[in-house]
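Okay, structure first, notes after.
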Amino acid sequence: QPFLPPSGEGCPRKNADAVQDRDASANPSSPIIAVFKVFQQELDTKHDKYERLVKISRDVTIESKRTIFLLHRVTSVPNAEDILNEADVKLDAVRQKIGLIAEELRGEDIYQFHRAFTAGIQEYVEAVSFLHYIRHRSLISLEEINARLVFMRTEKVDPKGSDEALPLGAQVLTFHVTPSDYLLGVADLTGELMRMCISSVGNGDIDTPFQLSQFLRQIHDGFSYIGNTGPYEVSKKLHTLRQSLGKVEDACYALRVRGSEIPKHMLADVFSSRTTLLDPEEGVV
1 QPFLPPSGEG
11 CPRKNADAVQ
21 DRDASANPSS
31 PIIAVFKVFQ
41 QELDTKHDKY
51 ERLVKISRDV
61 TIESKRTIFL
71 LHRVTSVPNA
81 EDILNEADVK
91 LDAVRQKIGL
101 IAEELRGEDI
111 YQFHRAFTAG
121 IQEYVEAVSF
131 LHYIRHRSLI
141 SLEEINARLV
151 FMRTEKVDPK
161 GSDEALPLGA
171 QVLTFHVTPS
181 DYLLGVADLT
191 GELMRMCISS
201 VGNGDIDTPF
211 QLSQFLRQIH
221 DGFSYIGNTG
231 PYEVSKKLHT
241 LRQSLGKVED
251 ACYALRVRGS
261 EIPKHMLADV
271 FSSRTTLLDP
281 EEGVV
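Counting in full-length UniProt numbering, the sequence shown runs from 1 upward without gaps.
Written out as structure tokens, the structure reads:
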């Protein structure tokens, strides 16, 4: 029969933990317990803020994607300005969501919470740069993006004995897109431009692909100039960027060599099949 230690005897570590738990429960006013309660409150506050930022970022991502899907219709409608104006309205709503992120980050270190909202900001950069390219045929700068992310917040107080709230004054909140988020958003933009190229060819527009080819080549040269000195995620997206550039250049080559042989109403079928053969796993969203 195995030996059983007397009551109260056993593992010294377990006994010590039991004594500490008993002392802690018996001493709620212990200074150590008070300090750890402060730590607990600070961590809970940080985690709650992080979760709120994740939810706001998810909304920013969804609305930005919807704006991108809307902008892809400019190649198939007679009046593109209506589409662009509707995209402006959607992006204004997205900026209001980013204003909520700016409020959450007031007085906080942005890099403590950066992972919570970086995906949404990258998607916003992709959408706003796509709209800017369609309108101006150029790349929007980081300064232009940040200039639109300035928000006015007016705080009011309800004075005693008064039915009206008196404003204390307007407060300016700013949100700065980081250079890494800007670069990652521009890298994702190249995929949308490739899809725009194929759609333009399918609709009989043979000028846009050559413009896109030159523009994508300039973006590729810029990323190649950055090299390994940029963020780690940029090097991972450089492969996709080169794939998009290759598809656009292939379309331009086919247009230049065989453009006169293929009727315009058949260009969509030809280039959709060529795109599938080039990369069968990547679907056009």
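Every residue gets a Cβ at the ideal spot worked out from N, C-alpha and C, and that includes glycine.
> At which residues does the alpha helix (DSSP H) containing Asp-109 begin and terminate?
Replying inline: Numbered from its first residue, the sequence shown carries residue 109 at position 109. For Asp-109, there is no enclosing alpha helix (DSSP H), as DSSP gives it neither H nor E.
>> With H, G and I counted as helix, E and B as strand and the rest as coil, what does DSSP make of Phe-210?
In response: Within the sequence shown, residue 210 is the residue found at index 210, counting from 1. In this structure, Phe-210 counts as helix in the three-state DSSP scheme.
>> Here's a check: name, in chain order, each residue in its chain whose Cβ is nearer than 7 Å to the Cβ of Cys-197, leaving out the five neighbours to either side.
In response: For the purposes of this step, residue 197 is identified with residue 197 of the sequence shown, where counting begins at 1. Within the same chain, Cys-197 has close Cβ partners Thr-208, Pro-209, Leu-212, Val-248, Ala-251.
> Taking C-alpha atoms, which residue in Glu-123, Glu-108, Arg-135, Val-172 lies nearest to Val-94?
Replying inline: Taking the sequence shown and counting its residues from 1, the one referred to as residue 94 is at position 94. Cα-wise, what sits closest to Val-94 is Glu-123.
> Would Lys-97 be called buried (16 or more neighbouring beta carbons within 10 Å of its own) or exposed?
Replying inline: Translated into positions along the sequence shown, residue 97 becomes position 97. Lys-97 should be labelled buried.
> Leu-173 by DSSP, collapsed to three states: which one?
Replying inline: Against the sequence shown, residue 173 aligns to sequence position 173. Strand at Leu-173.
>> Let me see if you follow: with CB-CB separation under 8 Å, is Ala-187 close to chain D or not?
In response: The displayed structure is made up of one protein chain only, and chain D is not part of it.
>> Can you tell me whether Arg-58 is helix, strand or coil according to DSSP?
In response: One-based indexing of the sequence shown puts residue 58 at position 58. Three-state result, Arg-58: helix.
> DSSP on Val-150, reduced to helix/strand/coil?
Replying inline: Here residue 150 refers to the residue found at position 150 of the sequence shown. In the three-state reduction of the DSSP assignment, Val-150 falls in the strand class.
> First and last residue of the alpha helix (DSSP H) that includes Val-201?
Replying inline: For this step, residue 201 is matched to residue 201 along the sequence shown. It spans 179–202 - the alpha helix (DSSP H) in which Val-201 sits, taken as one unbroken run.
>> Quick check on Ala-116: buried or exposed, where buried means 16 or more other Cβ atoms within 10 Å of its Cβ?
In response: Your numbering for residue 116 matches position 116 in the sequence shown. Sixteen is the threshold: when 16 or more other Cβ atoms of the shown chains lie within 10 Å of the Cβ of Ala-116, as they do, the residue is buried.
>> At the level of alpha carbons, what is the spacing between Ala-127 and Lys-65?
In response: Position 127 of the sequence shown holds residue 127. Position 65 of the sequence shown holds residue 65. Between Ala-127 and Lys-65, the C-alpha separation is close to 7 Å.
> From Glu-42, His-47, Phe-69, Leu-131, pick the residue whose C-alpha is nearest to that of Glu-81; which is it?
Replying inline: Position 81 of the sequence shown holds residue 81. Ranking Glu-42, His-47, Phe-69, Leu-131 by Cα distance to Glu-81 puts Leu-131 first.
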